[in-house]
Structure formats: C-alpha cells, structure tokens
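J.: Residue numbers (this note's numbering), protein chains in the order written: chain A, 210 to 587; chain B, 210 to 587; chain C, 210 to 587.
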Amino acid sequence: MDAEHFSRAVHALPLIDHHVHSVLPRDLERVEFEVHLSESAVAAPAGTTHLDSQAGFAARRHCAPLLDLPAHSAADAYLARRAELGWREATARLLHASGVSTSLIDTGHAGTSLLSNPDFAALSAQEVREIVRLESVAERLIDAGVAAHDFPDALRRALGEAAATGAAGFKSVIAYRAGFDVDPERPSDAEAIAAVADERRTNADAPARVSHPDLLRFLLWSGADTGLPLQLHVGYGDADLDLARCNPALLMPWLRRLPDDASPIMLLHCYPYHREAGYLAQVFPNVYFDLGLAINYTGAASTAVIREGLELAPFGKLLYSSDAWGLPELHLLGAQLWRDGLARALWEFVERGEWSESEALRVAELTSSENARRVYQL
Amino acid sequence: MDAEHFSRAVHALPLIDHHVHSVLPRDLERVEFEVHLSESAVAAPAGTTHLDSQAGFAARRHCAPLLDLPAHSAADAYLARRAELGWREATARLLHASGVSTSLIDTGHAGTSLLSNPDFAALSAQEVREIVRLESVAERLIDAGVAAHDFPDALRRALGEAAATGAAGFKSVIAYRAGFDVDPERPSDAEAIAAVADERRTNADAPARVSHPDLLRFLLWSGADTGLPLQLHVGYGDADLDLARCNPALLMPWLRRLPDDASPIMLLHCYPYHREAGYLAQVFPNVYFDLGLAINYTGAASTAVIREGLELAPFGKLLYSSDAWGLPELHLLGAQLWRDGLARALWEFVERGEWSESEALRVAELTSSENARRVYQL
Amino acid sequence: MDAEHFSRAVHALPLIDHHVHSVLPRDLERVEFEVHLSESAVAAPAGTTHLDSQAGFAARRHCAPLLDLPAHSAADAYLARRAELGWREATARLLHASGVSTSLIDTGHAGTSLLSNPDFAALSAQEVREIVRLESVAERLIDAGVAAHDFPDALRRALGEAAATGAAGFKSVIAYRAGFDVDPERPSDAEAIAAVADERRTNADAPARVSHPDLLRFLLWSGADTGLPLQLHVGYGDADLDLARCNPALLMPWLRRLPDDASPIMLLHCYPYHREAGYLAQVFPNVYFDLGLAINYTGAASTAVIREGLELAPFGKLLYSSDAWGLPELHLLGAQLWRDGLARALWEFVERGEWSESEALRVAELTSSENARRVYQL
Numbered sequence: 210m211d212a213e214h215f216s217r218a219v220h221a222l223p224l225i226d227h228h229v230h231s232v233l234p235r236d237l238e239r240v241e242f243e244v245h246l247s248e249s250a251v252a253a254p255a256g257t258t259h260l261d262s263q264a265g266f267a268a269r270r271h272c273a274p275l276l277d278l279p280a281h282s283a284a285d286a287y288l289a290r291r292a293e294l295g296w297r298e299a300t301a302r303l304l305h306a307s308g309v310s311t312s313l314i315d316t317g318h319a320g321t322s323l324l325s326n327p328d329f330a331a332l333s334a335q336e337v338r339e340i341v342r343l344e345s346v347a348e349r350l351i352d353a354g355v356a357a358h359d360f361p362d363a364l365r366r367a368l369g370e371a372a373a374t375g376a377a378g379f380k381s382v383i384a385y386r387a388g389f390d391v392d393p394e395r396p397s398d399a400e401a402i403a404a405v406a407d408e409r410r411t412n413a414d415a416p417a418r419v420s421h422p423d424l425l426r427f428l429l430w431s432g433a434d435t436g437l438p439l440q441l442h443v444g445y446g447d448a449d450l451d452l453a454r455c456n457p458a459l460l461m462p463w464l465r466r467l468p469d470d471a472s473p474i475m476l477l478h479c480y481p482y483h484r485e486a487g488y489l490a491q492v493f494p495n496v497y498f499d500l501g502l503a504i505n506y507t508g509a510a511s512t513a514v515i516r517e518g519l520e521l522a523p524f525g526k527l528l529y530s531s532d533a534w535g536l537p538e539l540h541l542l543g544a545q546l547w548r549d550g551l552a553r554a555l556w557e558f559v560e561r562g563e564w565s566e567s568e569a570l571r572v573a574e575l576t577s578s579e580n581a582r583r584v585y586q587l
Numbered sequence: 210m211d212a213e214h215f216s217r218a219v220h221a222l223p224l225i226d227h228h229v230h231s232v233l234p235r236d237l238e239r240v241e242f243e244v245h246l247s248e249s250a251v252a253a254p255a256g257t258t259h260l261d262s263q264a265g266f267a268a269r270r271h272c273a274p275l276l277d278l279p280a281h282s283a284a285d286a287y288l289a290r291r292a293e294l295g296w297r298e299a300t301a302r303l304l305h306a307s308g309v310s311t312s313l314i315d316t317g318h319a320g321t322s323l324l325s326n327p328d329f330a331a332l333s334a335q336e337v338r339e340i341v342r343l344e345s346v347a348e349r350l351i352d353a354g355v356a357a358h359d360f361p362d363a364l365r366r367a368l369g370e371a372a373a374t375g376a377a378g379f380k381s382v383i384a385y386r387a388g389f390d391v392d393p394e395r396p397s398d399a400e401a402i403a404a405v406a407d408e409r410r411t412n413a414d415a416p417a418r419v420s421h422p423d424l425l426r427f428l429l430w431s432g433a434d435t436g437l438p439l440q441l442h443v444g445y446g447d448a449d450l451d452l453a454r455c456n457p458a459l460l461m462p463w464l465r466r467l468p469d470d471a472s473p474i475m476l477l478h479c480y481p482y483h484r485e486a487g488y489l490a491q492v493f494p495n496v497y498f499d500l501g502l503a504i505n506y507t508g509a510a511s512t513a514v515i516r517e518g519l520e521l522a523p524f525g526k527l528l529y530s531s532d533a534w535g536l537p538e539l540h541l542l543g544a545q546l547w548r549d550g551l552a553r554a555l556w557e558f559v560e561r562g563e564w565s566e567s568e569a570l571r572v573a574e575l576t577s578s579e580n581a582r583r584v585y586q587l
Numbered sequence: 210m211d212a213e214h215f216s217r218a219v220h221a222l223p224l225i226d227h228h229v230h231s232v233l234p235r236d237l238e239r240v241e242f243e244v245h246l247s248e249s250a251v252a253a254p255a256g257t258t259h260l261d262s263q264a265g266f267a268a269r270r271h272c273a274p275l276l277d278l279p280a281h282s283a284a285d286a287y288l289a290r291r292a293e294l295g296w297r298e299a300t301a302r303l304l305h306a307s308g309v310s311t312s313l314i315d316t317g318h319a320g321t322s323l324l325s326n327p328d329f330a331a332l333s334a335q336e337v338r339e340i341v342r343l344e345s346v347a348e349r350l351i352d353a354g355v356a357a358h359d360f361p362d363a364l365r366r367a368l369g370e371a372a373a374t375g376a377a378g379f380k381s382v383i384a385y386r387a388g389f390d391v392d393p394e395r396p397s398d399a400e401a402i403a404a405v406a407d408e409r410r411t412n413a414d415a416p417a418r419v420s421h422p423d424l425l426r427f428l429l430w431s432g433a434d435t436g437l438p439l440q441l442h443v444g445y446g447d448a449d450l451d452l453a454r455c456n457p458a459l460l461m462p463w464l465r466r467l468p469d470d471a472s473p474i475m476l477l478h479c480y481p482y483h484r485e486a487g488y489l490a491q492v493f494p495n496v497y498f499d500l501g502l503a504i505n506y507t508g509a510a511s512t513a514v515i516r517e518g519l520e521l522a523p524f525g526k527l528l529y530s531s532d533a534w535g536l537p538e539l540h541l542l543g544a545q546l547w548r549d550g551l552a553r554a555l556w557e558f559v560e561r562g563e564w565s566e567s568e569a570l571r572v573a574e575l576t577s578s579e580n581a582r583r584v585y586q587l
C-alpha cells in the first residue's frame, strides 16, 4: 500500500458524525454565508473577509467541484453557482458527498431556524438521531410554568422521557454560561429549587435562559445520571465564552466525583486544549473526546491538530464530529478534512515502520465510526 | 512553481516590521551579546552558553555569511569578525539584508540606550514610525509633576499630541505589571486620580514606575479610545512577568466591553498562547496578532509555530514583527526566519493541492506587509 | 551523512535516564500489564483496551523483536512469550537493549514493590543512583515520632545525610498534593512546625501522608537549599492531580524568590506545558526540564513533542528521562523513542541547511547525557 491507497481506504470507511447541527433551509446572501463560515458573530472589518481563512479556502477547494466549478474558484463565483442551484440542490450534493452515514444532531442552538431532523435525514439520506440539550429542557420546563419546588423531579422525568423516545445523548453548555471552574460537588434538589426560583425572579418577563451556576451544575449532574452519553462543549467557540474557563483540565475535580456508572462524558472540540482532553481520556475510563469544529476551522492546517489528538488518548476514546451548523459546506469539509488529515497522520506512522498498515486502518475505523457506534449503542 | 521558486517569491515581497526596537550603538563584549540573544537577564550557568540555542545557531547560520564568514562559524570567530567590522558596519549590513521596508519602533524599553529613530532610519534605509508606550507617557507626566486630579486630562492631551505628531500607534505593558486578569471594566477618572495619588505616595523620591492596576487599566482604556492601533505585550517575555497571567484568553471580558469604534488591538508574540490569539482574531473583529519574538527564539523550529499561527485566524489578522531589541542580528533573523518558515508552511498547503499558488502568495503578502499597511494606514 | 547514518550516530551516544523508577520483580497478568502501560489506575472500559494506544503500539513494535517475536505481534502473543521467558529474562533483555548507562532512580512511589536499586543495577548492568523523595523523608520522620518542634532540624539533618550517603538529588510531588499555585514565600520553621502538628492531629492513626500546603512548601524550600538537583513533577500524571494547577508557569513567583545558590530545578515531563517549561529554562539560569513520560505515552507521535522541546530552551537545559515505572518495556521505549524522535527532529534542521551536522550531534549528546552528567556531577 502507499499513501494514496491508504487515504482511499480511509475515505471508504463508514463515518458517524456524533455532534452536528442541521442546515439553513434557504438561500443565503454573501454576508450571511461569510459569518456562518466563521465563529465570529459579526461582519469582518473593512479590507478583510471571513473567507480569507482556512475554512474559506477549504470551501473553495473542496466544495466548488461538487457544484461543478473548478477547485479554488473565487468566492463570488462560488456563491453565484450556489444560488443558481438553489440551497436544496447544493445542500443535497454536499451532504451526500460527505459520506456520513449517521448524524447525531444537537437541536439546541437556534434549532427552529434549521431544517428539521426528518427533513435533514431525507435530504442527506443519513440516519439521524437527536442529542438533547439540557439547558433547553430546563428552559422549556421553566417557561411552561413548572413550580420551582417541582423542578428537580420534572427535569428527571423530562430526561427520562427524552431517553425513552430516542435521544442518543444529552449535551451541556455550562462552558458557555459558567465555565468549568464551578463547584464540583453534586448540588442538592434544594439548591436547584432555589436557583430556579432565583432565575424566575431576576428574569420574570423574558423566556428563560438558564444561567445560575447551581442550576447549570444540577443539569450537568442530572445528565450524567442518565447513563446516556453526555456531550460537553469544551474550548473554542464563539466570543461569548471565556476560553480559559473552558479548559477541560478544570473538570478534573468533577470527573473524580462521578460514580462508576455515570454517563460517558464526551468532550467536544477541545481546541486549543485537545492535548488536555487526550490526557483526560487516558486517565478517566468514562471520558471521550473529539476535535469537532477545530478541524473545519483549521482547514489545510488540520493535520497537525489531528496528530495531536492521536498523542495520549487511547484510540477507543477519540471520535469524529464536524460540529457543522447551518452551512452544508461545513458538513462536507468536516468529513473531508478529517479523512484527509487522519490518513496523512496515520500513514506517517506506517511509513516510518512504527505502525503496521492494519493497525493504522483499525484506528481509522475506531475513530471514524466504531467508537461512536459502541458508546452511543447505534 | 516549486518550493524554491515559491520561497524566492516570498522573500521578494515587501516586509513591514510592526513591532520592533532600535539597536545598541556600540561594540559588545561576548557576555553582553549572549544575554541580548536571549530573554534571560543574566549569564548562562557554568558549563552552558546562551548561544547553544535556536537563536544562537540561527545567528551563526544566517548572519555569519553577511559578515563574510562561512555559515555555522564558531561564536568566537563571529564575534571577532563583528568587532573587526565595528558595530556600525555590521549593523548596516544586517539591517539592509533584512529587507524590511518599514519599522514601527517601540521606544519605551530603555530607549535612550539605543540608536535614535532618525539614526536607525538613516543606517537601515528604512522608513521609521514610532509606537508610543502608554506607561512611559504616564510616567513622564507624573515625573513632570502633573497634579493627580489633572492626570486624566493631561494623559488624553498627551496621547492626542502623540497621535497628531506622527505616532503610528500605542503600546501597553500591562501584561508585565499586572497581568490580564484585572477588572475588565472601564475605570473612572476618579479611580485614575486616586491611583496616581497612590503611586506618588508610595514612590515619592524615585522616578515614576506605573504599577497600580487601576492606573494601568486607565492607560489601557485610554489607548483603546485613541482609535490608533494599540499593541499589547502577550505571552512570552523576560522573567519579570507571570506567564499564566499573560494568556490573551484572559482579555476576553475586556474585549467584549470595548466599543465598536475602539482601536485595533494588536496582540504581540503570544507564544505559547498563539493558538488562543488566533482564536481571538477570528471572533473579535478588532483583534490582530503576531508571533513576534517567538520566531527569533525558536529558530530552525519556527516553522511549526508559524503554521500554528495560520490555523484559526483570518489571514487579514496576522502580522509580521521581529520584536528585535538591541542586536541587529535579531532584526535580520526575524525577517529571514519569518520568510523561510512562512514559505515552507504555505507551500505544504499548495503541494498537497489544498491551496492554489496565487492564494498562498496573497496570504504571504497580506501577513508580511498589507495587513500592517492597512491597519496602521502607512 | 544521511538521515539513517545520523540516527545511528545518535543511537550510539551514551544515555543517562535522570528520572526513572525500578521494575516489578514478577510475572504479570494481562490486566496488570495493561494498567501499567497507562497512567490510568483502572481497567479500560468495555470494548476498549489500554493497549490500543501509542504506548501499546510502540511496545508491540519495539519490544516484540527483543523477545524474538515479529514487530507488531498481537498483544496476547507478546504477553505469552513474555511469560514464557519469565520476567527476569524479559526485563534483562529490555533493559540491556535500552542502552542506558546510568539511571537516577526515584524510590518514592511504591518503591518497596519494585526491584531494589542494587538488583536493578545488577540486572541492567547500569550504574544506579538514588533520587530521594522529600515527602517520603518527611513521612518517615513523622512516622518515627519526631516531635513537631524538632521537625525542621530533623528534616535538614535527614536531607544532609541523604546527600552525604550518595543521593544524586531530591524530588518533590507538591504538584500532586497542592499544585503550584501555593504561597511562593519561604515558610518559617514555626509554620512548618504548626503544619506538622496539624498533620499529626488530623491523621493520628494512619501512616503519615504529607498534604498540608505549608509543610509541602517547607519541603520544597528545604530541597532547594541542599544545592543538589531538585526534581519537580510537572504537568501530566495520573488522575489524582489537577492538571491546570501543575502548569510550571505558576512556579514563576517561587523561582524569582530562590537565592542564586539554590539547587538546579529539574522540571519533569511538563506535557502539555513543555513549551512553558522551555521558556522557564531560557529565562531562569537554574531551571532545567525533560519530556519524561510524555515521550513514552505519545509513542509514534512523540517526534512533534520532542521538536517542541527544542524550541525555546537553551540546549544545555534539556535532559532525557523515561519516567518508566514497573514495566521494563517503558525503559526500553523511552530510550528508543527519544533517540528516534530526537534524531528525526535534529536531522530536519540539518537537511534544510539550518544547522550543521556537528551542531546537531552535539545537541544530541548534550541532551542525552552531558547535561545530566554536568548538573548531577556524575
């Protein structure tokens, strides 16, 4: 085998995207396209564009040919062709080309503006399962007027129902709303009740947006009690979070307190703390991680990030995700860059005689689909 | 094109050093040369030398031929030849060979021991502009006896005058003196006045050395109010700072509070937090960064650092600087290593078919000069 | 010379392992072997194995041929052959093949379950010196009933005796027990006495396990007073520590307070903070570091880690260690992977014309043995 054959073999493996979002079901103006191809929430400053970036270059390299354009086509030409085809056709082409067989879709972030899960499944010809965001569940309960003292039981019931009706796992965004340097102890029901009452008092007229640290911690522990995989946003995201407080190393006091039968903890993205995540995956039996949106956003430079993901963690602990949101280009790029970078990183080990070919291919298979299949029982 | 042609094309591009210092206008003993080729303030321990380092090896590789010696000449031979030529001739050769067209010189650190800006411009045949250090401005006002209650207005006037008389931007060293984990809120004039009074009281007989966190914060906000680029020392520096408190991720609460028309914020050096800096440059429209002295001091290993600088940040947000201080060898090495490493990192993307040649060359041009030209309006 | 000749030259250099432990003097079941080839303290979760990891793959690649099996043999075949040979023969083969000439053995961690130092020396044909763990010395004194008010003097006497009877250096595990974010000031004898009394009170019936921050700090300062090299666990280790509190950057306030004649401070492992460690080694004359167990556990990916270790630090400041504990496979792999990765990283510099061959070989020699020989006066 040579590098090219090996890469082809990796591309032929099944791929499960264990953390992803749906797509925007409409045509997009350039400015909107640009912003969605970045974690920035606002337009680029004068004289620059978000498309002058690894993600922008990768989109023009890998997506343009799927819309019948030459690789590296200019952004305007790409967007014109995309509009000509219409969002539905462009999306179908990109999702099919991604080769993803199963997507676990987190519906928690502005999910109503996106294509529904059944429609995503139909358009992509993928199997789709839902990841339920804990904060959204809590907010629905609060908005529905559940009394504070009923909240803990109502939450446990709601999570149980979600699990019973097909949720593949849960997700917490405590990283965004409090950071990981919160009290690691399990909060009591009484603390949760007081926190809900407090949220109600300070935010009486608007839709609930859970932010009380005790309530966020209660959700985290409740998620870990379900036994279903619990995804945590970690590291890099948009400008709302405080990056230094999203370092997964700060989770260690909490991880040590989890009971043996707690949920698998799935650390998402992790960049630039993916080495820390690999360490946690080695020393805590129930910790798993992925490189998520860091692969899309580092584009041609993602091989090094993937190689760093292959340092400390046992190979049964690393998973694939794209964390794509809104643009099917991100679904395609995640898959393309993961396979290219993984094949390149693994082949280096083979070429130097340090790994056998069959070992390398097995690690590609574990990380691309088998680990997700096992942990999520797909 | 091949790797060599591409490298030559990168070397032919204009280069702007947006953060640099002047040179020592005198001949140097070996021990002094050694210390200046390191961020250490003291001699190396017995049995070792600061020249056994990436910077030392790079100097002997790249500077020796410019002084008519073979590459990799021994340190003693190099220093003997340097003395023979005299500092002025050696400096002229090294500065010319750097190919830098414009230097933005920070005059704040022991500036009086260095060649004046006009003399640097004459010796180097470069355009020179000044970067004004906020702490130095404040210290001059305090030493001139400005009354505490007049300080806020006097500072604003002084910054306005600096801008009007040609300053290209300002710089803060709050990283050194307080760290980034200070209160992110804008201090009032009254807080600044109290802090100046406090500095005066505790340090009545010596020249002012601003260290009160409220005063440092006031300078920071005042710099960001000017609209001119505001440089911040970030990450790696000498042994005075507390590295963990110089992590740019700690700036996020402050960055979120800046108004839309605030100054461009230029994060300097950033190592080993350059990935964090790239993230900030992606999600905050007014954040820019460079790899500064990390390139010089990682020498032959700097390609990996440069590649990491090309991960998350939009390419309109990364700039070149050498942060050279004192030794023209550092001016030469910064430029040489930046161009070599940048060409190598970018060519990898081209070679694998991920980027086009023209894209790669445009990114080299943006980061080597165009971004600086645009942001500093040169 | 080419890459292969250079690698052979690096492999022919003497090697000193300045931080290592002894081996388990018995045959091992698979589950025990697995756990010792990981920093995890427990079995891998269902469906996974600790041997599906860089360390596991490296063991099958490099150790199997030394036990007469083909490279990449399956784990079961490897363990069967290992049992067939018996631990003593397998251990002797692996230790001999490591090519280590001198091991400085830290006897502090469960040392009594391991082969004694003289027996290790005999089996390995290596010179062996002891590294004495400060916390173990303190615990022996407390368990022996030394009165709290006599403790400071008794400790100083004990350290002096250890130095006089052949200890090559000391080691602190304050990283594990308190983290580096403790008070950096030197504690008084009175504080140490109060801390010992407190330890006694709260832990009257069990063997002492020093955990009071003041006492740990007193040990640290006492170790630094001896003048002998003082090793500090830094960064990555097992799940007991809080990784973020083991960042060596947090040591800066303490390092600045050390007197000029304090001990050389040897930062161990450091991953994922090895760049921070390299910085400290540049700016503090008495700071040294190694990559320790990070090399073993990143296996085929360790070249990048070694290259990062060659960024900022002067080459007189980087040392080799394996931190092997229990399994002679780890002693072999540390040596093998260090030499392979070091040769590869250095040869890149030579191949690009940035370093001369003789410089590269000298750096290999400094880091593989000369620095250890000089600092430990071996």
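All C-beta atoms, glycine included, are put in the ideal place defined by N, C-alpha and C.
1) State the Cα-Cα distance for the pair residue 457 (chain A) and residue 451 (chain C), rounded to the nearest angstrom.
2) If you reduce the DSSP assignment to three classes, tell me which class residue 376 (chain B) lands in.
3) How about residue 491 (chain B): is its C-beta nearer than 8 Å to some C-beta of chain A?
4) Three or more C-beta pairs closer than 8 Å, one from the stretch 406–413 of chain A and one from the stretch 364–377 of chain A: is that the case here?
5) Three-state secondary structure (DSSP) at residue 431 (chain C)?
6) With a floor of 3 residues, list each beta strand (DSSP E) that falls wholly inside the stretch 280–367 of chain A, ordered by position along the chain.
7) Per the DSSP calculation, residue 440 (chain C) is bridged to which residue(s)?
8) For the stretch 451–465 of chain A, enumerate the residues whose C-beta is nearer than 7 Å to any C-beta of chain C, in chain order.
9) In chain A, what lies closer than 8 Å to residue 525 (chain B) by C-beta?
10) When DSSP builds the beta bridges, which residues end up paired with residue 224 (chain C)?
11) Please identify the residue among C:430, C:566, C:239, C:480 whose C-alpha is closest to the C-alpha of residue 507 (chain C).
12) Under the three-state reduction of DSSP, which class applies to residue 265 (chain A): helix, strand or coil?
13) Over the uninterrupted beta strand (DSSP E) stretch that includes residue 496 (chain B), give me the two end residues.
14) For residue 389 (chain A) versus residue 460 (chain A), is the C-beta spacing smaller than 8 Å?
15) Select from B:285, B:315, B:571 the residue whose C-alpha is nearest the C-alpha of residue 440 (chain B).
16) With 8 Å set as the bound, which would you pick, yes or no: does the beta-carbon of residue 539 (chain C) sit closer than that to a beta-carbon of chain B?
17) State the DSSP-derived secondary structure class of residue 388 (chain A), mapped to helix, strand or coil.
18) Rounded to whole angstroms, what is the Cα-Cα separation between residue 227 (chain C) and residue 528 (chain C)?
19) Tell me whether residue 397 (chain A) is buried or exposed, calling it buried when 16 or more other Cβ atoms sit within 10 Å of its Cβ.
20) Would residue 502 (chain B) and residue 483 (chain B) be called neighbours here (beta carbons separated by less than 8 Å)?
21) Under the rule that 16 or more other beta-carbon atoms within 10 Å means buried, what is residue 579 (chain C), buried or exposed?
22) Assuming residue 555 (chain A) and residue 505 (chain A) make a contact with CB atoms under 8 Å, what is their CB distance in whole Å?
23) By DSSP, does residue 559 (chain C) sit in helix, in strand, or in coil?
24) Kindly confirm or deny that the stretch 228–238 of chain C and the stretch 309–325 of chain C touch, where touching means at least three C-beta pairs closer than 8 Å.
25) What would DSSP say about residue 276 (chain A), mapped onto helix, strand or coil?
26) Counting along the chain, where does the alpha helix (DSSP H) carrying residue 511 (chain C) start and finish?
27) I want to verify the contact list: residues of chain B whose CB lies under 7 Å from the CB of residue 558 (chain C), in sequence order.
T.: Taking the geometry as given:
1) 11 Å
2) Judged by DSSP in its simplified three-state form, residue 376 (chain B) adopts strand.
3) yes
4) Too few Cβ pairs lie closer than 8 Å, so no.
5) In the three-state DSSP reduction, residue 431 (chain C) falls in the helix class (H, G or I).
6) 309–315, 336–342
7) C:380, C:475
8) 456, 458, 459, 461, 462, 465
9) Here the neighbours are 253, 254, 256, 257, 258, 261.
10) C:309
11) Of all alpha-carbon atoms in C:430, C:566, C:239, C:480, the one lying nearest the alpha-carbon of residue 507 (chain C) is that of C:480.
12) If DSSP states are grouped into helix, strand and coil, residue 265 (chain A) belongs with the helices.
13) 496–499
14) yes
15) B:315
16) no
17) coil
18) Straight through space, the alpha carbons of residue 528 (chain C) and residue 227 (chain C) are spaced by roughly 7 Å.
19) exposed
20) no
21) buried
22) Not a contact, Cβ separation roughly 20 Å.
23) helix
24) yes
25) For residue 276 (chain A), the secondary structure class from DSSP, reduced to helix, strand or coil, is helix.
26) 511–518
27) 509
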